[in-house]
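Since the structure comes first, as structure tokens, the remarks are kept for the end.
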Amino acid sequence: MMVTKNFGQYKVINESSTGLKFQVPKGVDGIPITFSGLFRFGEDLKEKKLIVDYSVCETKFEDIFQYFAKKKSLQAEEETLALIK
231 MMVTKNFGQY
241 KVINESSTGL
251 KFQVPKGVDG
261 IPITFSGLFR
271 FGEDLKEKKL
281 IVDYSVCETK
291 FEDIFQYFAK
301 KKSLQAEEET
311 LALIK
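If you read the sequence shown in my numbering, its first letter stands for residue 231, the second for the next number, and so on.
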């Protein structure tokens, strides 16, 4: 994926039929990832007609809370399924 090539490891935070929200690291190999770099990447994808729109923002505390709540919910569901088997 182009994101890995440009920004190293990333986490998919939310995925739907109309969009993808992911988190990139603060830096790769000691080189910081800047907002300008992210905007340049987004504009390049738009010019190539690979995406229609994009936005860039810093991670909010609410996003972190939702990520861990979702992860805990999935773990509980897996444990329940394991007990049923």
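Ideal Cβ placement from N, Cα and C applies to all residues, glycine included.
Treat the numbers as computed from the prediction; the structure is a model and nothing was measured.
- Taken atom to atom, the span from the alpha-carbon of residue 272 to that of residue 253 is near 14 Å.
- When C-alpha distances from residue 239 are compared across 275, 265, 255, the shortest belongs to 255.
- Here residue 241 carries a strand assignment [DSSP, helix/strand/coil].
- Inclusion of residue 237 and residue 263 in the CB contact set at 8 Å is warranted, their separation being smaller than that value.
- Collapsing the DSSP output to three states places residue 250 in a strand.
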